[in-house]
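Numbering (our numbering), first residue to last: 3 to 196.
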């Protein structure tokens with residue numbers, strides 16, 4: 003009996019240690035995403051994604067990747083410095099700036115997605131899309147672009163809406179699960195088997 007109790011204690015310790023290590027790893031990874039601006043290539047030469055970029059980051063992305071359009075998924079916000087700085091930097095660099103307001107907590111409808119797809123098709127490439135963290139709204143738009151504009155298969159496009167980019171889509175726990183629900187709804191809207 004004592005031996006079993008000892009093994010249980012050891013098992014619980016390993017479980018707790020493993021769980022804490024996982025939390026530390028996840029926290030470190032999300033911190034790294036934050037420090038890097040969560041900038042990633044979606045489709046080279048066409049679409050890039052990021053968290054809210056600073057003016058310096060916009061200049062660097064324009065120089066390194068030739069960005070010609072910025073799609074701001076946070077929406078117009080003239081009273082905020084981040085917005086006025088972004089618009090001024092885009093103007094200075096002759097980058098087209100488009101506002102498309104979305105909420106990470108609210109599903110994107112089929113007609114809204116159709117409007118977004120048309121906007122993305124018509125925008126000068128390469129495009130930089132961003133929201134606040136570059137994870138949820140940006141993830142959904144990356145999936146939509148990859149599948150509906152670039153024609154990538156569903157399984158490949160869906161990789162853009164994942165923990166790898168900081169998106170946590172867990173029903174009943176994550177408010178950003180609305181982005182996952184949006185894509186499931188849009189699969190039906192676009193006639194994708196899903």
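Beta carbons: idealized from backbone N, C-alpha and C, even for Gly. Note that the structure is a prediction, hence the values are computed from the model and not measured.
Residue i classed as buried or exposed, judged by whether at least 16 other C-beta atoms fall within 10 angstroms
i	result
residue 126	exposed
residue 27	Caution applies to residue 27, whose pLDDT of 48 falls short of 50 and renders its modelled position unreliable; the value that the coordinates give is listed next. Its Cβ having fewer than 16 others within 10 Å, residue 27 is exposed.
residue 172	exposed
residue 113	exposed
residue 51	buried
residue 68	exposed
residue 118	buried
Reduced DSSP secondary structure (H/G/I, E/B, other) of residue i
i	result
residue 71	strand
residue 140	helix
residue 156	helix
residue 111	coil
residue 117	helix
residue 163	coil
residue 170	coil
residue 184	helix
Nearest neighbour of residue i, chosen from the options [CA to CA]
i	options	result
residue 135	166, 195, 153, 98	166
residue 65	96, 74, 44, 76	96
residue 180	93, 105, 47, 70	105
residue 186	99, 115, 131, 130	115
residue 193	62, 139, 156	156
residue 177	160, 139, 120	139
residue 70	183, 129, 90, 160	129
residue 40	162, 98, 150, 90	162
For residue j and residue i, the rounded distance between their alpha carbons
i	j	result
residue 100	residue 73	5 Å
residue 110	residue 154	20 Å
residue 92	residue 191	34 Å
residue 82	residue 76	11 Å
residue 124	residue 170	30 Å
residue 90	residue 164	32 Å
Residues near residue i in its chain [Cβ-Cβ closer than 7 Å; skip 5 each side]
i	result
residue 84	54
residue 86	80
Contact set for residue i: own chain, Cβ-Cβ below 6 Å, skip 5 residues either direction
i	result
residue 147	49, 122
Spatial neighbours of residue i in its chain, beta-carbon cut-off 8 Å, leaving aside the 5 residues before and after
i	result
residue 158	148
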